[in-house]
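Undergrad: Just so you know, the sequence shown maps onto residues 105 to 545 in this note's numbering. Mind looking over this structure? Questions follow.
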Amino acid sequence: MMAGDKFNFLKTALQNYKNAAQYLNIPERIYESLKYPERVITVRMPVRMDDGTYKVFRGWRSQHCSWRGPLKGGIRFSADVTQDEVIALSMLMTYKCAVVDIPFGGAKGGITVSLDDEAEELTEEQKKAWCYRFPYKMSERELKHLTYEYIEKIYPIIGPRNDIPAPDVNTTPKVMGWIMDKYSAMVGHTEPAIVTGKPLSLAGCQGRNEATGRGCVTTILEALDYLKKSNRLHHEEITCAIQGFGNAGSVVASLLSELGYKVVAVSDRSGAIYNSQGLKIPELIKAKNSEGLASYKEAESINPDDLLTLPVTVLVPAAVEGAITKNNASAVKARIIAEAANGPTTPEADKILEENGIFIIPDILANAGGVTVSYFEWVQGLEYLSWSLEEVERRLQVKMTRAFEDVWKTKCKYNTSMRTAAFITGLERVVRAGLDRGKGV
Ligand code: NAD
105 MMAGDKFNFL
115 KTALQNYKNA
125 AQYLNIPERI
135 YESLKYPERV
145 ITVRMPVRMD
155 DGTYKVFRGW
165 RSQHCSWRGP
175 LKGGIRFSAD
185 VTQDEVIALS
195 MLMTYKCAVV
205 DIPFGGAKGG
215 ITVSLDDEAE
225 ELTEEQKKAW
235 CYRFPYKMSE
245 RELKHLTYEY
255 IEKIYPIIGP
265 RNDIPAPDVN
275 TTPKVMGWIM
285 DKYSAMVGHT
295 EPAIVTGKPL
305 SLAGCQGRNE
315 ATGRGCVTTI
325 LEALDYLKKS
335 NRLHHEEITC
345 AIQGFGNAGS
355 VVASLLSELG
365 YKVVAVSDRS
375 GAIYNSQGLK
385 IPELIKAKNS
395 EGLASYKEAE
405 SINPDDLLTL
415 PVTVLVPAAV
425 EGAITKNNAS
435 AVKARIIAEA
445 ANGPTTPEAD
455 KILEENGIFI
465 IPDILANAGG
475 VTVSYFEWVQ
485 GLEYLSWSLE
495 EVERRLQVKM
505 TRAFEDVWKT
515 KCKYNTSMRT
525 AAFITGLERV
535 VRAGLDRGKG
545 V
């Protein structure tokens, strides 16, 4: 993506919605309703910083559509998050939850804050700014108070049966623990079902951390199977390249290499590495955690942009939105793109990839494993239950396989792309719920 060419999540989400809606006979009242969130609140959080000054941070919570159940969605801490981005992501959550058929509607939250581990000391001028929206390493105390303030401000619209937050960009299980703590203190009892993605010690769910990557791999295996069955993939050696080696990307890499597929390239913010013989993922994870990807010796360093155009079977964008654009789409040689990240492909790029016959597993399907296991965590929280890892993985596998099959059937029925098919699958379920609630008239 060119500098200054910020990916427009809201435009893309609405475009995907409209593309899907034209295949369905949707009453106008419902069609118009779904273009907007049911509710968005803007909140301000005053926080006393470690230097004794007060800063007022800004955040949002968007609730898109509650027809299928309580609202669900992560909270992101990011320097450039905007209200439109939060609204768009809440829309995607509505359809993502419906694609995997879990009884939630879509929500999302965000706070404009920059958290840079490598940030230098603030200048006096930066300290005077109204909130820290530039690289700055928040202390744990500052972050906790920011989180507490946010929960206090969105308290009227969240709850274990209304809206259940979760982790997203830059929010960790620790932050989820603070959310549970603050909410529990406000209601006067411990409430495990108010938030998911919690540490295991706080009624977290086994396998939650790996869920997005694991779910993504299930969809990749399904896609490989369909391509083989339709004779579009012969007995070639399966190779993979993964952009982003964080929570989602590193799990995808581990599981694919455990299955015997060659992961030939990975990248992160620090750069990209390549070995045509395949990377040894456990060693790579060790290297990344000690001195960074570049310290892994058995690979050559490549230009991170080139990773996206390697001649591999499976390309997994698992880092940022807008990674594949009209500028690089025609050079992509992968047979399958599995969108572990949210919004990694722009609509213009999408058209080009589609024309070139690349099989896309769209984000609302490929990365839905995370919210699926969040749903399992919520159910366990409501019932004070604790499932084993095997139980969680078995249920996840069932949900992801069924979702893939449903989207595939929709694709065949309407002769459309996998992305539009995923939106149609989700939208059809949302519209059905709306009709059954009488929202159509
Ligand atoms: P993360 O912060 O754990 O990892 C992100 C990785 O991407 C890091 O390795 C980072 O260095 C790398 N990265 C950042 N910018 C990059 C760039 N320009 N080029 C190459 N690498 C870059 O985040 P995550 O949780 O793995 O999330 C990644 C994506 O997956 C996001 O789009 C997120 O919304 C999506 N997602 C994650 C989950 C989840 O449960 N973790 C669920 C659904 C969707």
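All residues carry an ideal CB built from backbone N, CA and C; glycine is no exception.
1. So, with DSSP's three-state summary, where would you put K139?
2. Note down the Cα distance separating D510 from A315, rounded to an integer number of angstroms.
3. Report yes if the C-beta distance between A445 and V424 is below 9 Å; otherwise report no.
4. Using 9 Å as the threshold, is the C-beta distance between A369 and L411 below it?
5. What are the start and end residues of the alpha helix (DSSP H) that includes I456?
6. What does E404 pair with, by DSSP beta-bridge criteria?
7. Between which two residues does the alpha helix (DSSP H) harbouring D285 extend?
8. Taking the beta carbon of W482 as the centre, do at least 16 other beta carbons fall within 10 Å, making it buried, or is it exposed?
9. CB of E142 to nearest heavy atom of ligand 1: below 8 Å?
10. State buried or exposed for S490, treating a residue as buried only when at least 16 other CB atoms are found within 10 Å of its CB.
11. Are the beta-carbon atoms belonging to V217 and L250 less than 9 Å from one another?
12. Looking only at its chain, what residues have a beta carbon closer than 6 Å to the beta carbon of G514, apart from the 5 residues adjacent to it on each side?
13. Just to confirm, is the Cβ distance from E253 to M153 under 9 Å?
14. What distance in whole Å lies between the Cβ atoms of S374 and A398, which are believed to be in contact at a cut-off of 8 Å?
15. What residues are listed by DSSP as bridge partners for C169?
16. Using only the alpha-carbon positions, how far apart do K302 and A453 sit?
17. Name the DSSP beta bridge partners of I440, please?
18. Can you have a look at A107 and say buried or exposed, based on whether 16 or more other CB atoms are within 10 angstroms of its CB?
19. Name the one or two DSSP bridge partners that Y158 has.
20. Is it true that the CB of K176 sits closer than 9 Å to the CB of G210?
21. How about V279: is its Cβ closer than 8 Å to a heavy atom in ligand 1?
22. Round the Cβ separation of V534 and W171 to the nearest angstrom and send it over; I've been treating them as touching at under 8 Å.
23. Return yes when the Cβ of R312 is within less than 9 Å of the Cβ of T300, no when it is not.
24. Within 8 Å, do at least three Cβ pairs link the region 436 to 444 to the region 453 to 468?
25. For the alpha helix (DSSP H) holding D267, just list the boundary residues, first then last.
26. Can T531 and Y121 be called in contact, C-beta distance under 9 Å?
27. Which same chain residues end up closer than 7 Å to V496 when comparing Cβ atoms and leaving out the 5 residues on each side of it in sequence?
28. Considering just the uninterrupted stretch of the alpha helix (DSSP H) at F480, what are its terminal residues?
29. Report the rounded CA-to-CA distance for Y400 versus K115, giving the unit in angstroms.
TA: This is what the structure gives:
1. The residue you call residue 139 lines up with position 35 of the sequence shown. Collapsing the DSSP output to three states places K139 in coil.
2. Translated into positions along the sequence shown, residue 510 becomes position 406. Translated into positions along the sequence shown, residue 315 becomes position 211. Between D510 and A315, the alpha-carbon positions lie close to 20 Å from each other.
3. Locating residue 445 in the sequence shown gives position 341, where the first residue counts as 1. Locating residue 424 in the sequence shown gives position 320, where the first residue counts as 1. One thing to note: A445 has its Cβ within 9 Å of the Cβ of V424.
4. As a first step, residue 369 is located in the sequence shown; it is residue number 265 there, counting from the start. As a first step, residue 411 is located in the sequence shown; it is residue number 307 there, counting from the start. A contact, by the Cβ cut-off of 9 Å.
5. Position 352 of the sequence shown, counted from the first residue, corresponds to residue 456. P451 to E459 is the extent of the alpha helix (DSSP H) around I456.
6. As a first step, residue 404 is located in the sequence shown; it is residue number 300 there, counting from the start. Under DSSP, E404 forms a beta bridge with Y378.
7. To locate residue 285, count along the sequence shown from 1; it is residue 181. P277 to V291 is the extent of the alpha helix (DSSP H) around D285.
8. Here residue 482 is taken as the residue at index 378 of the sequence shown, counted from 1. When all chains shown are included, W482 counts as buried.
9. Residue numbering aside, residue 142 sits at position 38 when the sequence shown is read from its first letter. Not one heavy atom of ligand 1 falls within 8 Å of the beta-carbon of E142.
10. Counting from 1 along the sequence shown, the entry for residue 490 is found at position 386. Counting Cβ neighbours within 10 Å, S490 comes out exposed, since fewer than 16 surround it.
11. Here residue 217 corresponds to residue number 113 of the sequence shown, with the count starting at 1. Here residue 250 corresponds to residue number 146 of the sequence shown, with the count starting at 1. In contact: V217 and L250 (Cβ atoms closer than 9 Å).
12. Counted from its first residue, the sequence shown places residue 514 at position 410. Going by the sequence as given, residue 514 is Thr instead of Gly. Excluding residues within five positions, the ones whose Cβ falls inside 6 Å are A525, I528 and T529.
13. Position 149 of the sequence shown holds residue 253. Position 49 of the sequence shown holds residue 153. No, the Cβ-Cβ distance between E253 and M153 is not below 9 Å.
14. Working through the sequence shown from its first residue, we reach residue 398 at position 294. Working through the sequence shown from its first residue, we reach residue 374 at position 270. The distance from the Cβ of A398 to that of S374 is about 6 Å, consistent with a contact at the 8 Å cut-off.
15. Here residue 169 is taken as the residue at index 65 of the sequence shown, counted from 1. Per DSSP, G210.
16. Translated into positions along the sequence shown, residue 302 becomes position 198. Translated into positions along the sequence shown, residue 453 becomes position 349. When only Cα atoms are considered, K302 and A453 end up about 36 Å apart.
17. As a position in the sequence shown, residue 440 is number 336, starting the count at 1. As computed with DSSP, I440 is found in a beta bridge with V418 and F463.
18. Translated into positions along the sequence shown, residue 107 becomes position 3. Here the model assigns A107 a pLDDT of 39, short of 50, so the residue's position is not dependable, and the following value carries that caveat. Exposure of A107 is indicated by the presence of fewer than 16 other C-beta atoms within 10 angstroms of its C-beta.
19. For the purposes of this step, residue 158 is taken as residue 54 along the sequence shown, with counting starting at 1. Residue pairing by DSSP puts Y158 in a beta bridge opposite R152.
20. Position 106 of the sequence shown holds residue 210. Position 72 of the sequence shown holds residue 176. Closer than 9 Å, so yes.
21. Residue mapping note: residue 279 aligns to position 175 of the sequence shown, counting from 1. V279: no, Cβ never under 8 Å from ligand 1.
22. Here residue 534 refers to the residue found at position 430 of the sequence shown. Here residue 171 refers to the residue found at position 67 of the sequence shown. Going by Cβ atoms, the distance from V534 to W171 rounds to 6 Å, so yes, they are a contact pair.
23. Locating residue 300 in the sequence shown gives position 196, where the first residue counts as 1. Locating residue 312 in the sequence shown gives position 208, where the first residue counts as 1. Against a cut-off of 9 Å, the Cβ pair of R312 and T300 comes out as a contact.
24. Three or more pairs of CB atoms, one per stretch, sit closer than 8 Å, so the region 453 to 468 contacts the region 436 to 444.
25. Counting from one through the sequence shown, the residue named residue 267 turns up at place 163. Not the alpha helix (DSSP H): D267 falls in the beta strand (DSSP E), residues D267 to P271.
26. Here residue 531 is taken as the residue at index 427 of the sequence shown, counted from 1. Here residue 121 is taken as the residue at index 17 of the sequence shown, counted from 1. Looking at the sequence shown, residue 531 is not Thr but Leu. Using a Cβ distance threshold of 9 Å, L531 and Y121 count as a contacting pair.
27. Here residue 496 corresponds to residue number 392 of the sequence shown, with the count starting at 1. By the criterion of a C-beta distance shorter than 7 Å, V496 is surrounded in its chain by C309, Q310, G311, V477 and F480, once the five residues flanking it on both sides are discounted.
28. The residue given as residue 480 occupies position 376 in the sequence shown. Counting along the chain, the alpha helix (DSSP H) containing F480 begins and ends at G473 to E487.
29. Start at 1 with the first residue of the sequence shown, and residue 400 comes out as number 296. Start at 1 with the first residue of the sequence shown, and residue 115 comes out as number 11. Separation of Y400 and K115 (C-alpha to C-alpha, rounded to the nearest whole angstrom) is 40 Å.
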